[in-house]
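Peer 1:
Numbering (the working numbering), first residue to last: 2 to 393.
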């Protein structure tokens with residue numbers, strides 16, 4: 002048995018994506034910078050992919066720049082904007098991806114910027130009143146706040162943040178790595194200056210992503226070389242990856258409502274199964290239990306500690322792939338969990354679903370979890386828990 006529930010980490014390639022990229026692995030392999038016919042065909046494939054992404058997001062083709070993934074894109078936006086606009090203040094949160102936090106930490110250490118952290122409530126939601134106070138005190142700042150959190154799934158109100166950014170002449174960057182292909186975007190109407198996405202989060206290939214740069218803006222390049230991506234990113238383009246990214250995004254938006262409905266039902270089903278599992282002390286981190294306030298495919302659950310090892314490890318041993326962190330045996334919870342008002346001495350497990358998962362798989366997952374707790378002598382002694390016969 003093998004059940005993959007780590008789709009917030011990466012996703013399987015969609016069959017349509019495999020079909021789309023095969024010719025560029027076998028026949029159309031020319032360098033898109035070459036002047037001959039084969040090179041021009043590769044270049045046209047990139048241009049078509051750029052038009053596809055732009056059309057799907059309500060952007061202009063010239064606002065889309067391809068990268069090697071979201072981490073590179075985040076570094077490009079943060080470092081590029083700080084340098085291009087001589088910005089000395091950045092507002093972010095303590096639950097951003099480490100690509101954001103570590104990049105800002107480096108700039109702060111080098112004396113380029115001061116960083117302010119917006120307050121979060123006990124569930125990890127941004128305090129918009131505090132954000133406005135920070136903007137009022139620090140005009141012409143860079144706001145770096147993600148759309149959907151990769152660990153707890155919280156959705157941030159990027160529309161409200163965009164309105165505040167315009168009101169205070171700030172620059173707004175949002176990391177949409179976890180929501181791209183799962184939420185609608187109209188970037189011509191949105192008050193978003195910069196945005197990043199990564200193909201492997203929406204059933205595309207690894208090693209390719211994109212940055213959206215609103216037409217009125219520019220960034221100082223991070224990688225210099227042959228002038229590719231209109232001088233914004235040097236280096237021979239990953240034609241295979243770019244074609245795959247565009248096809249994956251096309252498929253994602255064609256099936257958006259059906260996919261979102263399915264993964265939402267999977268999340269609700271797992272919550273309902275855990276509720277009747279008989280395991281005491283289960284709770285949910287952030288807004289991940291909510292369908293309205295979180296990314297549909299992410300569920301972050303805190304389980305009581307086992308005395309015999311990690312729940313994540315034990316699930317892996319029976320072929321169930323999830324991710325998480327534990328404070329049970331002295332291990333540290335992640336920086337995201339530490340920023341929340343979560344109970345100590347819990348093991349945090351992130352289940353993340355895709356359109357390829359099934360309800361039958363979740364039945365097997367819950368049964369495996371119950372068996373693991375049933376076999377733990379300390380849990381049995383401490384809680385008196387035992388398997389409910391009807392679920393055995």
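A virtual CB, placed ideally from N, CA and C, is assigned to each residue, including glycine.
From a predicted model like this one, the values you see are computed outputs, not experimental measurements.
Taking the straight line between their C-alpha atoms, what separation do you get for residue 15 and residue 249?
Peer 2: Stepping through the chain shown from its first residue, residue 15 is reached at position 14. Stepping through the chain shown from its first residue, residue 249 is reached at position 248. Whole-angstrom Cα-Cα distance: 7 Å.
Peer 1: With a CB to CB cut of under 7 Å and the five nearest residues on each side skipped, what residues in its chain are close to residue 350?
Peer 2: Taking the chain shown and counting its residues from 1, the one referred to as residue 350 is at position 349. 302, 304, 312, 313, 323, 325, listed in sequence order.
Peer 1: By the DSSP assignment, the beta strand (DSSP E) with residue 349 in it spans what residues?
Peer 2: Counting from 1 along the chain shown, the entry for residue 349 is found at position 348. Unbroken beta strand (DSSP E) run through residue 349: 347-353.
Peer 1: Using a Cβ-Cβ cut-off of 8 Å (strictly less than) and excluding sequence neighbours within five positions of residue 88, which residues of its own chain qualify?
Peer 2: One-based indexing of the chain shown puts residue 88 at position 87. Cβ within range, chain order: 82, 114, 141, 142, 143, 172.
Peer 1: Please tell me whether residue 159 and residue 175 are closer than 7 Å, where the distance is taken between their beta carbons.
Peer 2: What you label residue 159 is simply residue 158 of the chain shown in a count that begins at 1. What you label residue 175 is simply residue 174 of the chain shown in a count that begins at 1. The answer is yes: Cβ separation under 7 Å.
Peer 1: Assign residue 13 to one of three DSSP states: helix, strand, or coil.
Peer 2: Within the chain shown, numbered from 1, the residue matching residue 13 stands at position 12. In the structure shown, residue 13 sits in coil (DSSP, three-state: anything other than H, G, I, E or B).
Peer 1: Counting only the same chain and skipping the five closest in sequence on each side, list residues whose C-beta sits under 8 Å from that of residue 42.
Peer 2: Counted from its first residue, the chain shown places residue 42 at position 41. Cβ within range, chain order: 29, 31.
Peer 1: What would DSSP say about residue 300, mapped onto helix, strand or coil?
Peer 2: Walking along the chain shown from the start, residue 300 turns up at place 299. Looking at residue 300 - three-state DSSP - the assignment turns out to be strand.
Peer 1: Which of the three DSSP states is assigned to residue 122 in this structure?
Peer 2: Against the chain shown, residue 122 aligns to sequence position 121. Residue state, collapsed to three classes: coil.
Peer 1: Beta-carbon within less than 7 Å of residue 208's beta-carbon, same chain only, minus the 5 sequence neighbours each way: which residues are those?
Peer 2: One-based indexing of the chain shown puts residue 208 at position 207. Cβ neighbours of residue 208 beyond the five flanking positions: 69, 70, 239, 242.
Peer 1: Can you check which of these residues, 246, 138, 217, 182, is closest to residue 258 by C-alpha distance?
Peer 2: Here residue 258 corresponds to residue number 257 of the chain shown, with the count starting at 1. For the residues 246, 138, 217, 182, the minimum Cα distance to residue 258 belongs to 182.
Peer 1: Helix or strand or just coil, what does DSSP make of residue 368?
Peer 2: Reading the chain shown from its first residue, position 367 is the one you call residue 368. The answer is helix: DSSP assigns residue 368 an H, G or I state.
Peer 1: What span of residues does the beta strand (DSSP E) with residue 91 cover, start to end?
Peer 2: The sequence position of residue 91 within the chain shown is 90, counting from 1. Note, residue 91: beta strand (DSSP E), 90-93.
Peer 1: Does the region 290-297 come within contact of the region 258-271, defined as at least 3 CB pairs closer than 8 Å?
Peer 2: yes
Peer 1: Please report the residue range of the alpha helix (DSSP H) in which residue 254 lies.
Peer 2: For the purposes of this step, residue 254 is taken as the residue at position 253 of the chain shown. Element bounds for residue 254: 240-255.
Peer 1: Report the option in 120, 362, 91 whose CA atom is closest to the CA atom of residue 109.
Peer 2: As a first step, residue 109 is located in the chain shown; it is residue number 108 there, counting from the start. Of 120, 362, 91, the residue nearest in Cα terms is 91.
Peer 1: Just curious, the beta strand (DSSP E) that residue 145 is in, first and last residue?
Peer 2: Walking along the chain shown from the start, residue 145 turns up at place 144. Here the beta strand (DSSP E) through residue 145 covers 143-145.
Peer 1: How about residue 276: is its C-beta nearer than 7 Å to some C-beta of chain C?
Peer 2: Annotation note: the requested chain C is absent from the structure, which comprises a single protein chain.
Peer 1: Residues in its own chain within less than 7 Å of residue 263 by CB, not counting five upstream and five downstream?
Peer 2: Reading the chain shown from its first residue, position 262 is the one you call residue 263. Once the five neighbours on either side are set aside, the close Cβ partners of residue 263 are 356.
Peer 1: Tell me the DSSP bridge mates of residue 115?
Peer 2: Mapped onto the chain shown, residue 115 falls at position 114. According to DSSP, which records beta bridges pairwise, residue 115 is partnered with 90.
Peer 1: Please classify residue 156: does DSSP put it in a helix, a strand, or coil?
Peer 2: What you label residue 156 is simply residue 155 of the chain shown in a count that begins at 1. Here residue 156 sits in strand by DSSP.
Peer 1: Is residue 230 near residue 66, with beta carbons less than 7 Å apart?
Peer 2: Indexing the chain shown from 1 puts residue 230 at position 229. Indexing the chain shown from 1 puts residue 66 at position 65. Taking C-beta atoms as the reference points, residue 230 and residue 66 count as a pair closer than 7 Å.
Peer 1: Could you round the C-beta distance between residue 216 and residue 64 to whole angstroms and report it? I think they count as a contact, below 8 Å.
Peer 2: Walking along the chain shown from the start, residue 216 turns up at place 215. Walking along the chain shown from the start, residue 64 turns up at place 63. Confirmed, Cβ separation roughly 6 Å.
Peer 1: Who are the Cβ neighbours of residue 392 in its own chain at under 6 Å, not counting the five residues just before and after it?
Peer 2: In the chain shown, counting from the first residue as 1, residue 392 sits at position 391. Residue placement at residue 392 cannot be trusted, given a pLDDT of 43 that sits under 50; what the coordinates show is reported in the next sentence. Taken in chain order, the list of residues that qualify is empty.
Peer 1: In chain order, what residues of the same chain lie with their CB nearer than 8 Å to the CB of residue 6, ignoring the 5 residues before and after it?
Peer 2: The sequence position of residue 6 within the chain shown is 5, counting from 1. Same-chain partners within the cutoff: 321, 322, 323, 352, 353, 354, 358, 362, 366.
Peer 1: What did DSSP end up calling residue 19 once you bin it into helix, strand or coil?
Peer 2: Walking along the chain shown from the start, residue 19 turns up at place 18. In this structure, DSSP gives residue 19 a helical state, which the three-state scheme calls helix.
Peer 1: Please report the residue range of the beta strand (DSSP E) in which residue 176 lies.
Peer 2: Here residue 176 refers to the residue found at position 175 of the chain shown. It spans 172-176 - the beta strand (DSSP E) in which residue 176 sits, taken as one unbroken run.
Peer 1: Should residue 220 go down as buried or exposed, given a rule of 16 or more other Cβ atoms within 10 Å for buried?
Peer 2: Here residue 220 corresponds to residue number 219 of the chain shown, with the count starting at 1. Classification of residue 220: buried, given that the 10 Å Cβ count is 16 or more.
Peer 1: Secondary structure at residue 237, three-state DSSP: helix, strand or coil?
Peer 2: Numbered from its first residue, the chain shown carries residue 237 at position 236. Of the three classes helix, strand and coil, the one that applies to residue 237 here is coil, per DSSP.
Peer 1: Taking contact to mean at least 3 C-beta pairs separated by less than 8 Å, is the region 73-80 in contact with the region 186-200?
Peer 2: The region 186-200 and the region 73-80 touch, with three or more beta-carbon pairs separated by less than 8 Å.
Peer 1: If you draw a straight line from the C-alpha of residue 253 to the C-alpha of residue 378, how long is it?
Peer 2: Reading the chain shown from its first residue, position 252 is the one you call residue 253. Reading the chain shown from its first residue, position 377 is the one you call residue 378. Approximately 45 Å between the Cα atoms of the pair.
Peer 1: Identify the continuous alpha helix (DSSP H) that holds residue 75 and give its terminal residues.
Peer 2: To locate residue 75, count along the chain shown from 1; it is residue 74. 71-85 is the extent of the alpha helix (DSSP H) around residue 75.
Peer 1: Tell me whether residue 393 sits in a helix, a strand or coil according to DSSP, three-state version.
Peer 2: As a first step, residue 393 must be located in the chain shown, where it is residue number 392. Note that residue 393 has pLDDT 38, beneath the 50 cutoff, so the model's placement of it is unreliable and the number below is only indicative. Of the three classes helix, strand and coil, the one that applies to residue 393 here is coil, per DSSP.
Peer 1: When DSSP labels each residue in this structure, what does residue 357 get in the three-state scheme?
Peer 2: For the purposes of this step, residue 357 is taken as the residue at position 356 of the chain shown. Coil at residue 357, not helix or strand.
Peer 1: Out of 297, 373, 227, 19, which has the shortest C-alpha to C-alpha gap to residue 278?
Peer 2: Here residue 278 is taken as the residue at index 277 of the chain shown, counted from 1. For the residues 297, 373, 227, 19, the minimum Cα distance to residue 278 belongs to 373.
Peer 1: Would you kindly check if the distance between the Cβ of residue 188 and the Cβ of residue 105 is under 7 Å?
Peer 2: Reading the chain shown from its first residue, position 104 is the one you call residue 105. Reading the chain shown from its first residue, position 187 is the one you call residue 188. Result no, Cβ atoms of residue 105 and residue 188 do not sit closer than 7 Å.
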